[in-house]
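This report refers to the structure that appears directly beneath it.
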Amino acid sequence: MNDFSLIRKNLFRKKLRAGLMILSILIAFAIFGVLAAFERAFNAGEATSEDDRLVVVNKINFTQPLPVAYFNRVRAMEGVRRVTHASWFGGYYQDPKNFLIVMAVEPETYLQVIDSDIIVPPQMREAFLRERTGALVGEAMASKWGWKVGDRVPISSSIFSRRHGSQTWDMTIVGIFDKRKPQIDTNFLLFHYDYFDETRSFGKDTIGWLVLQTTSPAVNDRVADMIDQTFANSSFETATDTEKAFNKAFVAQLGNIALIVTLVVGAAFVTILMIVGNTMVMAVRERTREIAVLKTLGFSSARVLRLVLGETLLLALIGGLSGLAIAVMATLSLRRSVSNFLPGLTLDPWVLVLGFVLMVLLGLATGLAPAINAFRLKIADAMGRG
Amino acid sequence: MSDTLVRLAHVSKGFVKGKEAIEIFDRLDLTIPDHDFVAVMGPSGSGKSTLLNLLGGIDRPDAGEIYVAGERIDDLSEGGLARFRSANIGFVFQFYNLMPMLTAAQNVELPLLLTNLRSAQRRAHVETALKIVNLADRAKHYPREMSGGQQQRVAIARAIVSDPKLLLCDEPTGDLDRASADEILGMLTVLNRDLGKTIVMVTHDPAAARYARRVLHLDKGHFVEQELAA
Chain U
1 MNDFSLIRKN
11 LFRKKLRAGL
21 MILSILIAFA
31 IFGVLAAFER
41 AFNAGEATSE
51 DDRLVVVNKI
61 NFTQPLPVAY
71 FNRVRAMEGV
81 RRVTHASWFG
91 GYYQDPKNFL
101 IVMAVEPETY
111 LQVIDSDIIV
121 PPQMREAFLR
131 ERTGALVGEA
141 MASKWGWKVG
151 DRVPISSSIF
161 SRRHGSQTWD
171 MTIVGIFDKR
181 KPQIDTNFLL
191 FHYDYFDETR
201 SFGKDTIGWL
211 VLQTTSPAVN
221 DRVADMIDQT
231 FANSSFETAT
241 DTEKAFNKAF
251 VAQLGNIALI
261 VTLVVGAAFV
271 TILMIVGNTM
281 VMAVRERTRE
291 IAVLKTLGFS
301 SARVLRLVLG
311 ETLLLALIGG
321 LSGLAIAVMA
331 TLSLRRSVSN
341 FLPGLTLDPW
351 VLVLGFVLMV
361 LLGLATGLAP
371 AINAFRLKIA
381 DAMGRG
Chain G
387 MSDTLVRLAH
397 VSKGFVKGKE
407 AIEIFDRLDL
417 TIPDHDFVAV
427 MGPSGSGKST
437 LLNLLGGIDR
447 PDAGEIYVAG
457 ERIDDLSEGG
467 LARFRSANIG
477 FVFQFYNLMP
487 MLTAAQNVEL
497 PLLLTNLRSA
507 QRRAHVETAL
517 KIVNLADRAK
527 HYPREMSGGQ
537 QQRVAIARAI
547 VSDPKLLLCD
557 EPTGDLDRAS
567 ADEILGMLTV
577 LNRDLGKTIV
587 MVTHDPAAAR
597 YARRVLHLDK
607 GHFVEQELAA
């Protein structure tokens, strides 16, 4: 027997009580893990942003188009190193519920601008530039649908139609790209803007947005102001911002996810702190005489304090680790079903580390009051005088 | 009888209860030789348990000096007193005070967790202590699975497992029937006579006091009578 055995036996002396406390902590940490994974996924774009990349969208909102002519005008501006454009296709495969992230892009410049995000093998890059109906598919998307190079796939749009009435564009997969950074999700498809623009029935000569690289992050503000001033008072006024700010604003439309996570988890933790803390105070009070006996036998006050704190720490760790394990499993099972809307849903190691820190803090916070009571307990008072 | 094991010199002790100050001892003196077996009797509130608390270093006098096993304990720190108790004192209580979630052997092992003994050495000590109280076959039983007398024998094993010089027993038979009480008292007699333990036992029971070598009567904070046990 050792101190850990004592802690364990004390904790489980009333199995139902211990089980219910563990269950409440487990639920709180499962909620924390899943919500943190969602928060991380929502903000993944912000994390992958490059400092020298700016995004130009229609000032009304980013769903409104811009003239394709802006591409060449922006390219000529001072401080702009590279520029490209992309258009949201609103794609799906075979059935509208099979939603796909598909973008029509200017092939050569787009691959240059996002070169720091994805890896495209040289021969696939050349094939994509050469083949007008060619498509580059991310490894995650290719894996999900079982696509391989050479496959001819019909990709439909829920927004656009072709001049002959069909909503489906046939594309040939000429390459499969991989991610260059771990947080990049490759669940998207790129195809030629020219092929898209020449065959669509409306919206000709318009694009969704411009992405540009500046010569240095130091000139970002100046370049952004220059672009927005250039197109001010036109039919298509622009709003230019850094990629990081753009992604952040995009996520903010869905609400302040971080705040929601903090409030939900905070409420759960405060509730548990009160429940477990109160239960532990009562549990230790029930054992007043036993604690006095331990001290009588020669256990120091500091050692008794450690035994009580050890109990709440063990409780928090058992509940918390089980909760995080459930969160990992829940995230993995949800990942596939939400991958179209929320790619990159995963429980990062930092969430696990943060969870562990929270467990320790919860264990200490709930154990502090009963541990101090046990520390201060006077043997003579507890055992009685006569 | 040989050297002095316990000495109280001019010990005073009082409590404040509400607005009332209650004086328990006023300049109390007491000497207990090594290997003695002393029964302390007296009416409720006479200070019997307070005396045990002072001897065991779990309460402090307001004035005076207390020496146990050659060490002055009234001025030790809390940590020093805890170390002193684990090394020198064994306690036996009226209601056994065993840990309900530990087996008999684990209860007996508790004081040894404060020593540097290895696990195997601790097991050997526990086996010996349980054999002395004739409970070797109950080592894996929990307190709820044992009678009151057996629980008190486990408590005695716990008190002697670290081989203390002094056993302090607070009404050790107060919760037992006559037969179990006699068994416990016989065991204390053996510990005193054969193993040389010095025992101070508080009791209300004259039959229990007869097992001691000496009986001290406490009344209003003073020993009013000393008699040799029959």
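For the record, the sequence lines run as chains U and G. The opening residue of the first sequence carries number 1 in the working numbering; numbering runs sequentially from there. The opening residue of the second sequence carries number 387 in the working numbering; numbering runs sequentially from there. Don't be surprised by glycine CBs; every beta carbon is placed ideally from N, CA and C.
#1: Under 8 Å Cβ-Cβ, which residues of chain U neighbour ALA618(G)?
#2: Taking contact to mean at least 3 C-beta pairs separated by less than 8 Å, is the region 87-98 of chain U in contact with the region 150-163 of chain U?
#3: Short check: CB of LEU574(G) to CB of MET587(G), under 8 Å?
#4: Nearest by alpha-carbon distance to LEU438(G): which of VAL426(G), PRO497(G) and PRO529(G) is it?
#5: Does DSSP classify LEU377(U) as helix, strand or coil?
#6: How far does the alpha helix (DSSP H) with MET141(U) in it extend, from its first residue to its last?
#7: Using three-state DSSP, classify GLN213(U) as helix, strand or coil.
#8: Looking at the C-beta of MET282(U), does it have a partner C-beta in chain G at a distance below 8 Å?
#9: Rounded to whole angstroms, what is the Cα-Cα separation between VAL308(U) and ARG524(G)?
#10: Is the CB-CB distance between MET171(U) and ALA142(U) below 8 Å?
#11: So with Cβ pairs under 8 Å, would you call GLU290(U) a contact of chain G?
#12: Are ILE173(U) and VAL149(U) closer than 8 Å when you measure CB to CB?
#13: Quick one: does ASP3(U) have its CB under 8 Å from some CB of chain G?
#14: Could you tell me which chain G residues have their CB closer than 9 Å to the CB of ILE379(U), listed as they occur along the chain?
#15: Which residue marks the beginning of the beta strand (DSSP E) containing GLY450(G), and which one marks its end?
#16: Alpha carbons only, please: which of ASN247(U), ARG125(U) and LEU361(U) is nearest the one belonging to GLU108(U)?
#17: Would PHE29(U) and GLY319(U) qualify as a contact pair, given that the criterion is a beta-carbon distance under 8 Å?
#18: Under three-state DSSP, which class holds LEU364(U)?
#19: Going by the beta-carbon positions, is the gap between ASP228(U) and LEU54(U) smaller than 8 Å?
#20: Could you check whether the Cβ of MET485(G) sits closer than 8 Å to any Cβ belonging to chain U?
#21: Going by beta carbon distance, what residues of the same chain come within less than 6 Å of VAL219(U), once the five residues before and after it are set aside?
#22: DSSP state of PHE99(U), grouped into three classes?
#23: Rounded to a whole number of angstroms, what is the C-alpha to C-alpha distance between THR501(G) and ARG306(U)?
#24: Any beta carbon from chain G within less than 8 Å of ASN373(U)'s own beta carbon?
#25: Starting from the C-beta of ASP448(G), find all residues in its chain whose C-beta is less than 8 Å away, skip the five residues before and the five after it, and write them out in chain order.
#26: Starting from PRO497(G), find everything on chain U with Cβ-Cβ shorter than 7 Å and list it in chain order.
#27: So for PHE401(G), helix, strand or coil by DSSP?
#28: Is it the case that the Cβ atoms of ALA18(U) and LEU11(U) are separated by a distance below 8 Å?
#29: Can you list, in chain order, the residues of its chain whose CB lies under 7 Å from that of ASN351(G), leaving out five sequence neighbours each side?
#30: Does the distance from the C-beta atom of LEU467(G) to that of LEU554(G) stay below 8 Å?
#31: Look at the alpha carbon of GLU569(G) and the alpha carbon of GLN480(G), and state the distance between them as a whole number of angstroms.
#32: Give the interface partners of SER472(G) over in chain U, defined as CB-CB distance under 7 Å, in chain order.
#33: Using 10 angstroms around the beta-carbon of ALA598(G), count the other beta-carbons present and answer buried if the total reaches 16, otherwise exposed.
#34: Using a C-beta to C-beta distance shorter than 8 Å, which residues of chain G count as neighbours of ARG336(U)?
#35: Using alpha carbons as the reference points, say which of GLU198(U), THR215(U), PHE188(U) and TYR193(U) lies closest to TRP209(U).
#36: Return the residues of the region 4-23 of chain U that lie within a Cβ-Cβ distance of less than 9 Å from chain G, sorted by chain order.
If we stick to the structure as given:
#1: Outside the shown range of chain G (387 to 616) lies residue 618(G), about which nothing can therefore be said.
#2: yes
#3: Mapped onto the second sequence, residue 574(G) falls at position 188. Mapped onto the second sequence, residue 587(G) falls at position 201. Cβ atoms of LEU574(G) and MET587(G): closer than 8 Å.
#4: Locating residue 438(G) in the second sequence gives position 52, counting from the first residue. It is VAL426(G).
#5: If you number the first sequence from 1, residue 377(U) lands on position 377. Looking at LEU377(U) - three-state DSSP - the assignment turns out to be coil, as it is neither helix nor strand.
#6: The sequence position of residue 141(U) within the first sequence is 141, counting from 1. Note, MET141(U): alpha helix (DSSP H), 139-145.
#7: On the first sequence, residue 213(U) is found 213 positions in, with the first residue counted as 1. It is a strand residue.
#8: Start at 1 with the first residue of the first sequence, and residue 282(U) comes out as number 282. MET282(U) does not count as touching chain G.
#9: For the purposes of this step, residue 308(U) is identified with residue 308 of the first sequence, where counting begins at 1. For the purposes of this step, residue 524(G) is identified with residue 138 of the second sequence, where counting begins at 1. Going by the C-alpha atoms only, they are around 29 Å apart.
#10: Within the first sequence, residue 171(U) is the residue found at index 171, counting from 1. Within the first sequence, residue 142(U) is the residue found at index 142, counting from 1. No.
#11: The residue you call residue 290(U) lines up with position 290 of the first sequence. So, interface residue.
#12: Within the first sequence, the letter at position 173 stands for residue 173(U). Within the first sequence, the letter at position 149 stands for residue 149(U). Yes, the Cβ-Cβ distance between ILE173(U) and VAL149(U) is below 8 Å.
#13: Taking the first sequence and counting its residues from 1, the one referred to as residue 3(U) is at position 3. So yes, ASP3(U) belongs to the interface.
#14: In the first sequence, residue 379(U) corresponds to position 379, counting from 1. Here the neighbours are ASN439, GLY442, ILE444 and ASP445.
#15: Position 64 of the second sequence, counted from the start, is the residue given in the question as residue 450(G). Element bounds for GLY450(G): 449-454.
#16: Taking the first sequence and counting its residues from 1, one reaches residue 108(U) at position 108. The shortest C-alpha separation from GLU108(U) is found at ARG125(U).
#17: Stepping through the first sequence from its first residue, residue 29(U) is reached at position 29. Stepping through the first sequence from its first residue, residue 319(U) is reached at position 319. It is a contact, given that the beta carbons lie within the stated cut-off.
#18: Indexing the first sequence from 1 puts residue 364(U) at position 364. The answer is helix: DSSP assigns LEU364(U) an H, G or I state.
#19: Translated into positions along the first sequence, residue 228(U) becomes position 228. Translated into positions along the first sequence, residue 54(U) becomes position 54. No, they are not a contact pair.
#20: Counting from one through the second sequence, the residue named residue 485(G) turns up at place 99. So, interface residue.
#21: In the first sequence, the residue the question calls residue 219(U) occupies position 219. Taken in chain order, the residues that qualify are GLY79.
#22: Sequence index remark: in the first sequence, residue 99(U) carries index 99 (1-based). In this structure, PHE99(U) counts as strand in the three-state DSSP scheme.
#23: Residue 501(G) sits at position 115 when you count from the first residue of the second sequence. Residue 306(U) sits at position 306 when you count from the first residue of the first sequence. Those two C-alpha atoms are separated by around 17 Å.
#24: On the first sequence, position 373 is the one that residue 373(U) refers to. ASN373(U) does not count as touching chain G.
#25: Mapped onto the second sequence, residue 448(G) falls at position 62. Contacts found: SER398, LYS399 and GLY400.
#26: In the second sequence, the residue the question calls residue 497(G) occupies position 111. Within 7 Å Cβ-Cβ: LEU297 and GLY298.
#27: As a position in the second sequence, residue 401(G) is number 15, starting the count at 1. In the structure shown, PHE401(G) sits in a strand (DSSP, three-state: E or B).
#28: As a working mapping, residue 18(U) is identified with position 18 in the first sequence. As a working mapping, residue 11(U) is identified with position 11 in the first sequence. Against a cut-off of 8 Å, the Cβ pair of LEU11(U) and ALA18(U) comes out as a contact.
#29: Past the boundaries of the shown model lies residue 351(G); chain G is included only from 387 to 616, so the question cannot be answered.
#30: For the purposes of this step, residue 467(G) is taken as the residue at position 81 of the second sequence. For the purposes of this step, residue 554(G) is taken as the residue at position 168 of the second sequence. Contact flag unset, no.
#31: Here residue 569(G) refers to the residue found at position 183 when the second sequence is read from its first residue. Here residue 480(G) refers to the residue found at position 94 when the second sequence is read from its first residue. Computed Cα separation, rounded: 15 Å.
#32: Position 86 of the second sequence holds residue 472(G). LEU297 and GLY298, listed in chain order.
#33: Numbered from 1 along the second sequence, position 212 holds the residue referred to as residue 598(G). When all chains shown are included, ALA598(G) counts as buried.
#34: Position 336 of the first sequence holds residue 336(U). The premise fails here: ARG336(U) is roughly 46 Å from chain G at the closest Cβ pair, so nothing lies under 8 Å.
#35: The count along the first sequence starts at 1 and reaches residue 209(U) at position 209. Comparing Cα positions, the closest option is TYR193(U).
#36: SER5, LEU6, LYS9, ASN10, PHE12 and ARG13
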